[in-house]
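All remarks here apply to the structure that follows.
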Amino acid sequence: MQYLVSVIDDKINPGSTDRRPAISVFNERLIAEGYWVFAGGLADTDAATVVDNRGEQAVFSDGPFVESKEYLAGVWVWEVPDLDVALKLAAEASKVCDRKIEVRPFL
Amino acid sequence: MSVIDVQSAITEAHHEEWARVVAALTKRFGDLDIAEEAAAEAFATAVERWPADGVPPNPGAWLTTTANRKAIDRIRRESKRDDKQREAQLLYDDDPPEPLGAIDDERLRLIFICCHPALAMETRVALTLRMVAGLTVPEIARAFLVQEAAMGQRITRAKAKIKAARIPYRVPSMEDLPTRLSGVLAVLFLVFNEGYLASGSDSDPVRHELTAEAIRLTRLIRALLPEDGEVAGLLALMLLTEARRTARVSASGELVTLDEQDRGAWDATLIAEGHQLVRERLAARVAPGRYQILAAINAVHTSARDVRDTDWSQVVALYDQLVRLDPSPIVALNRAIAVAELDGPEVALAIVDRLDHSLAGYHAYHATRADLLRRLGRSQNSRAAYDKAIELATNTAEIAYLTRRRNQLGQAVSPPA
Chain A
1 MQYLVSVIDD KINPGSTDRR PAISVFNERL IAEGYWVFAG GLADTDAATV VDNRGEQAVF
61 SDGPFVESKE YLAGVWVWEV PDLDVALKLA AEASKVCDRK IEVRPFL
Chain B
1 MSVIDVQSAI TEAHHEEWAR VVAALTKRFG DLDIAEEAAA EAFATAVERW PADGVPPNPG
61 AWLTTTANRK AIDRIRRESK RDDKQREAQL LYDDDPPEPL GAIDDERLRL IFICCHPALA
121 METRVALTLR MVAGLTVPEI ARAFLVQEAA MGQRITRAKA KIKAARIPYR VPSMEDLPTR
181 LSGVLAVLFL VFNEGYLASG SDSDPVRHEL TAEAIRLTRL IRALLPEDGE VAGLLALMLL
241 TEARRTARVS ASGELVTLDE QDRGAWDATL IAEGHQLVRE RLAARVAPGR YQILAAINAV
301 HTSARDVRDT DWSQVVALYD QLVRLDPSPI VALNRAIAVA ELDGPEVALA IVDRLDHSLA
361 GYHAYHATRA DLLRRLGRSQ NSRAAYDKAI ELATNTAEIA YLTRRRNQLG QAVSPPA
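What follows is the structure, encoded as structure tokens:
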């Protein structure tokens, strides 16, 4: 079972910026235990571009599709047996990243 | 067998077997929705057939077999080409004999999945009452004053989340058990309290069906986990509270406070059982948790034949113990009520006034203040506090009581010339 694990940051009250080494250690453990599928940090939401080509021609707009106080700062994809395992790892991930984590199953 | 006998056999089977049937089918088919629907159909079939055919010698086995068939029927109906393999497997697996112990474990799994922390609290409550207690959706909707359609949706969404997010059907590991079990007990305590101090202007002040269900479910968990102190504590707490149920509301529908209750009207059997559980926990000599301490406080109250015999120093000592576990303002408020009896209303009022920041929106805070101010002869302040308490209270019996108390206050004050 695969889960999208989103790291949620807060513009007004951001998590600490010195978490990189701890996240690397955590990633190595995820790999060693066979849970790791993918991980990636995201650039600032200002760097996003939204593309809409449902009409006559493609429209490009600057910025994220939704402006919010909380935003997606990074993602993992984990392969785990069930939600209990995912939630346990997510609880650790939240400490390691110093940020909130959302766990959402793939279909 | 008379119609009434068959009726009571069906009711008893529903109490005894519903959770077992749902649990066994969930294990077999891996799907709460199929299990729930098939169990409901099996009971509907019993209602149809038992009056004519007689009650089967083993109602539980009959219901499980019938429910299994209903579930297989549904899966066959819905099965598509790519499900053929699954269907074949089901055919091979017709009615495997289950040892009783294993089925009991299944009920525990069912409780833990319904009370999973990934579900919202109100969802856990609804799901537990439907899947484990076997209440119907309209019954649960009525109990919580929610529209039937909304309650149905809540339960459907919960089942969908369990499936999509793959919430496992398992008893938590020993390491996680204490936390997960305390989550289960919180659900049961919430059900009990909603019954005991029902909210809503159109609702009965006490909803016995909810307190009874909460007690029945807690008894079930105690039977499954007899060694757990907090399960025993919660059961004792519920029994000692339930024992005072009829004495707690007057004939005119007004709340009767502990000091004014007719103690002869308390249920002696429930009190004896509650006291036995509290003694058992004391003998265990393990540091008690929150429910065990609350049960012990209730044991002190129910041991006094007259309110004047209450051992208030013991009550305050138990609250001191509780504050160390749970330093919440509500515990501090309840402790203050006991302190008033031991050290007088002035000392208690000083404690209560310090809680103003956190409890200003809580009716019991204002009701407690009103009572302490009344006892100190500060009628004007007391009246204002009663007004605030009445404004915030939601239980009809409590509102009636507070209103009378406030109005009596008016009579005590000398009228302006």
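From first to last, the protein sequence lines are chains A and B.
Going by the UniProt record's numbering, the first sequence opens with residue 1, and the numbers climb by one from there.
Going by the UniProt record's numbering, the second sequence opens with residue 1, and the numbers climb by one from there.
Ideal Cβ positions, reconstructed from N, Cα and C, are used throughout, including at glycine.
Put simply, the CB of A/Leu4 is far from chain B, with every gap to its CB atoms at 8 Å or more.
Listed by position along chain B, the residues whose Cβ is nearer than 9 Å to that of A/Leu83 are His116, Ala118, Ile162, Ala165, Arg166, Ile167, Pro168.
Put simply, the stretch 80 to 96 of chain A touches the stretch 162 to 169 of chain B. At least three CB pairs are less than 8 Å apart. Here B/Thr45 has Thr66 as same chain residues with Cβ atoms under 6 Å from its own Cβ, once five neighbours each way along the sequence are excluded. With 16 or more other Cβ atoms from the protein chains shown falling within 10 Å of its own Cβ, B/Ala336 counts as buried. Counting C-beta pairs closer than 8 Å gives three or more between the stretch 185 to 195 of chain B and the stretch 213 to 233 of chain B, which meets the contact rule. Shown here, B/Pro329 sits in a helix according to DSSP, grouped into three states. Within the UniProt domain "YCII-related" (15 to 102) of chain A, the residues whose Cβ lies closer than 7 Å to any Cβ of chain B are, in chain order, Asp82, Leu83, Asp84, Leu87. Separation of the CB atoms of B/Ala284 and B/Gly229 is rounded to 6 Å, and the pair is thereby assigned contact status at 8 Å. Cβ atoms of B/Leu32 and B/Ile140 stay farther apart than 8 Å, at about 15 Å. The Cβ atoms of A/Phe26 and A/Val96 lie closer than 8 Å to each other. Of all C-beta pairs linking the stretch 70 to 77 of chain A to the stretch 2 to 21 of chain A, three or more are shorter than 8 Å, placing the two stretches in contact. Out of B/Pro56, B/Thr123, B/Arg245, B/His366, the CA that lies nearest to the CA of B/Pro205 is found in B/Arg245. For B/Ala397, the three-state secondary structure derived from DSSP is helix. Note on geometry: alpha-carbon atoms of B/Leu373 and B/Ala384 lie some 10 Å from one another.
Residue range 32 to 53 is occupied by the alpha helix (DSSP H) that includes B/Ala38.
Ranking B/Glu175, B/Met238, B/Ile10 by CA distance to the CA of B/Gln292 puts B/Met238 first. Rounded to whole angstroms, B/Ala71 and B/Arg20 show a C-alpha spacing of 15 Å. In this structure, B/Met131 lies near B/Glu36, with their beta-carbon atoms less than 8 Å apart.
Taking the Cβ atoms as the reference, A/Val5 lies roughly 6 Å from A/Ala90, within the contact range of under 8 Å. If you look at A/Trp76, you'll find it in the beta strand (DSSP E) that goes 70 to 79. Between B/Leu282 and B/Ala243, the C-beta gap is not smaller than 8 Å, which leaves the two residues out of contact. Annotation: A/Lys88 to B/Glu260 spans about 50 Å, alpha carbon to alpha carbon. Using a 10 angstroms sphere on the CB of B/Asp309, the tally of other CB atoms stays under 16, which defines it as exposed.
If you look at A/Arg104, you'll find it isn't in any alpha helix (DSSP H); it sits in the beta strand (DSSP E) that goes 100 to 105.
Looking at the backbone, the Cα of B/Ser303 and that of B/Thr156 are separated by about 46 Å.
Between B/Thr11 and B/Glu41, the alpha-carbon positions lie close to 15 Å from each other. As the crow flies, the alpha-carbon of A/Arg104 is around 19 Å from that of B/Arg154. Judged by their CB atoms, B/Leu240 and B/Asn334 are not nearer to each other than the 8 Å cut-off. Cα atoms of B/Gly289 and A/Val7: separation of roughly 35 Å, rounded to the nearest angstrom.
B/Pro138 is classed as exposed because its beta carbon has fewer than 16 other beta carbons within 10 Å across all chains shown.
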